[in-house]
Amino acid sequence: ILNYLIYIIQYPIKIFKKDMIELPHRPRYNDDGKPTKSSTEQEKTEVLVGKRLHNYRLEQEKYVQNIPLKRESHVAYLEKTLEESQPSYMVALDASRPWMLYWCLNALDLLGKYDIIKSHSHKIIRMLSRCQHQNGGFGGGPHQDAHLAPTFAAINCLKIIGTEEAMGIINKEKLFTFLKSLKVNDGFGGMRMHQDGEIDIRAIYCGLAAATHAGILPNNELTKGLTEHIIQCQRFEGGFGAYPGMEAHGGYTFCGLAALLLLNELEKFEDTDSLTQWLVFRQCSFEGGFQGRTNKLVDGCYSYWQGAAFPLLSALLTAKKETITKSELIYYDYINWRPKNVQGLNEKDDNYDLFDQPSGILSQGAYPKFENGEWLFDETGLQEYILLACQHSMGGLIDKPGMHRDLYHTCYTLSGLSVSQHHPTGKTLVLGKQENLLREINPLFGICKDRV
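Here my numbering is used: the first residue of the sequence shown is 7, the next is one more, and so on.
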């Protein structure tokens, strides 16, 4: 029986292994001869991604210049979503209407299509005003209870539209009352996602981001004790969990870092070494994209949740004066995400030799690179994964090859692409044609830089 079970586990691996394509400088997953369900799925994923990459790698010098961003197809998919009634199976997202709008609007804005957003703006504003709860905050749809997740999404939508009409619908006084009512004062601190709801680190980030956009921060009554709770959420492995004692996860790690920035209390966070190590090892060495947790599969959405954590990490290292790259010689205006000139910092400092090397696991001379200013991940590897493995043939972006397109992955995969293309110094790195360059995202809020 044991031998039969081993055969059943190994048989699909043998089928897939004959289709495996070896790529130079791309180490594959090694199961040490002990296959599991997880290692089998990993090998299947590497086969699917490898096929996408291989077709473009036959002539490396040429393919780099010809990798396309299917901009028109993505815009058509997003515009159709805004204009048409959604199919019945989308009823499961009825409590996520502000999120669906945010995913659409942010993706269109990154693609440079504000004209489409503007043409729908009055309808969107009316819709979101109906989602605003009478006691403050926004629900997932009209007449639904207020919740911090759709509150964050709704206010981001209004910031993207950016008109006085849009921002004028926010009842700031009631929003503050709502946020304050979600604070937990049981000794552990933190915030709830909604009244009597779960306590997790997302709530802190969503609440602080919404309060910042609405202009009701800083406020000690709202922020007191939150920093200590966030720090307790860091796990032994380096990343942050949803709550103290829970597994480290890419989304929660982003929320924890971003919340510390919004609180302006980065200096209280101490364990930067394990956090840095955990983040850099979430980039998959073969695929080039990011995984959300240890020993999980690559996923396009983590292009943002993990990728955007690196600019936040850079700001953290700067605040703690742990200069390890030239980019850390720049102090940031965190809210507007632009460099500050700080006296006493020498741009010619030599304390960044480690990162003067060409960016990218696959750097063989054919790739563009940042000159002395990359993030601490492989930007070109991530761009390659997004452009070659995550674009759906009919528009929209996906988790990984073989998956369906959706608004969520379209938004966050494009957001991660923008992070990998832009640096606060003003430098850009674009894999493929220059037309692939997206508008610059503010990694702290997840909307374009000029919308903040």
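The beta carbon of each residue, even a glycine, is placed where N, CA and C say it ideally should be.
- Counting along the chain, N226 sits inside the alpha helix (DSSP H) bounded by residues N226 to T229.
- Along the region 272-338, the alpha helix (DSSP H) occurs as fully enclosed runs of 4 or more residues at 278-286, 308-311 and 315-325, listed in sequence order.
- Under the 10 Å beta carbon count, F383 is surrounded by 16 or more other beta carbons and is classified as buried.
- The beta carbons of N36 and G452 sit about 35 Å from each other, so the pair does not count as a contact at 8 Å.
- As computed with DSSP, M197 is found in a beta bridge with K189.
- The DSSP-derived three-state label of C110 is helix.
- Take the alpha-carbon of T278 and the one of P317: they are about 14 Å apart.
- Taken through DSSP and simplified to helix, strand or coil, Q140 comes out as coil.
- In this structure, DSSP gives L413 a helical state, which the three-state scheme calls helix.
- When DSSP states are grouped into helix, strand and coil, I176 belongs to the coil group.
- Secondary structure note for Q238: its alpha helix (DSSP H) is the uninterrupted segment L232 to Q238.
- In the DSSP annotation of this structure, the continuous segment of the alpha helix (DSSP H) that includes F260 starts and ends at G256 to L269.
- With 16 or more other Cβ atoms from the protein chains shown falling within 10 Å of its own Cβ, R288 counts as buried.
- Taken through DSSP and simplified to helix, strand or coil, L437 comes out as coil.
- In the three-state scheme derived from DSSP, where H, G and I count as helix and E and B as strand, H126 is classed as helix.
- Spanning the alpha carbons of L232 and Y308 requires a straight line of approximately 25 Å.
- Counted as a single uninterrupted DSSP element, the alpha helix (DSSP H) harbouring G387 occupies residues E385 to A395.
- In the structure shown, the three-state DSSP call for N442 is helix.
- Rounded to whole angstroms, the Cβ separation of T46 and V304 is 15 Å, and the two are not in contact under 8 Å.
- Closest option to G251, judged by alpha-carbon separation, among G257, I237, L263 and M197: I237.
- Of the residues L154, L185 and C239, the one whose Cα lies closest to the Cα of F194 is C239.
- Non-local C-beta neighbours of C417 in its own chain, meaning closer than 6 Å and more than five positions away in sequence, comprise W109, N112 and A113, ordered along the chain.
- In terms of Cβ geometry, L323 and T282 form a close pair [threshold 9 Å].
- A contact between stretches requires three or more CB pairs, one per stretch, nearer than 8 Å, and the region 121-130 fails this requirement with the region 180-197.
- Contact between G147 and R103 holds: CB atoms are separated by about 5 Å, below the 8 Å threshold.
- With fewer than 16 other Cβ atoms from the protein chains shown falling within 10 Å of its own Cβ, G39 counts as exposed.
- The alpha-carbon separation between V458 and A220 amounts to approximately 11 Å.
- With respect to M199, L154 sits close: the two C-beta atoms are nearer than 9 Å.
- In this structure I167 touches I131 by the C-beta definition: roughly 7 Å separates them, less than 8 Å.
- When beta bridges are read from the DSSP output, F246 appears opposite Q240.
- In this structure, the straight-line span from the alpha carbon of V190 to that of Q201 is close to 11 Å.
- The Cβ atoms of L164 and I122 lie no closer than 9 Å to each other.
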